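Comments concern the structure below.
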Amino acid sequence: MRFTIITAKPGHQPPQTSFDFLPPGGTIGRGVDNNLVLPDDDRTISRLQAIVLITAEGECRLTNRGNVTRVLLNDIPLEQSSSGKGAETSAGWNIKENKEA
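For the sequence shown, the numbering used here assigns the number -15 to the initial residue and increments by one for each residue that follows.
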């Protein structure tokens, strides 16, 4: 499942604009050890903001791990949710998920 940054925070340039998450998944956050890094000098995004779980069948589950900034999935606050093609995720950035990675 490809996650693509569609809107970045002003003045912040991500090291990559997309990442293809494969089973078992990966992580999103401002820490440089994440699969999808969201630079944030203001530290409103957690080092580990979200965990992405990809099943062998291609199902995607997104779990919020941040304490400061909520993750929104299609404008709904998220703790854990299944996401699908074209879903939009927000944690101070706008990220689009595309199943056809």
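For each residue, glycine too, the CB sits at the ideal point set by N, CA and C.
All values reported here derive from a predicted model rather than from experimental measurement.
Kindly indicate which three-state DSSP category V21 falls into: helix, strand or coil? By one-based count along the sequence shown, residue 21 stands at place 37. V21 falls in the strand class under three-state DSSP.
Under a three-way DSSP split, which group does F(-13) fall into? The residue you call residue -13 lines up with position 3 of the sequence shown. Note: F(-13) maps to strand in three-state DSSP.
Per-residue burial, T53 [other beta carbons within 10 Å of its own, 16 or more giving buried]: By 1-based counting over the sequence shown, the position of residue 53 is 69. Buried, by the Cβ-count rule.
So the candidates are T(-12), L62 and G50; which of them puts its Cα closest to the Cα of R27? On the sequence shown, position 43 is the one that residue 27 refers to. It is G50 whose Cα lies nearest to the Cα of R27.
With H, G and I counted as helix, E and B as strand and the rest as coil, what does DSSP make of I29? If you number the sequence shown from 1, residue 29 lands on position 45. Coil, per DSSP.
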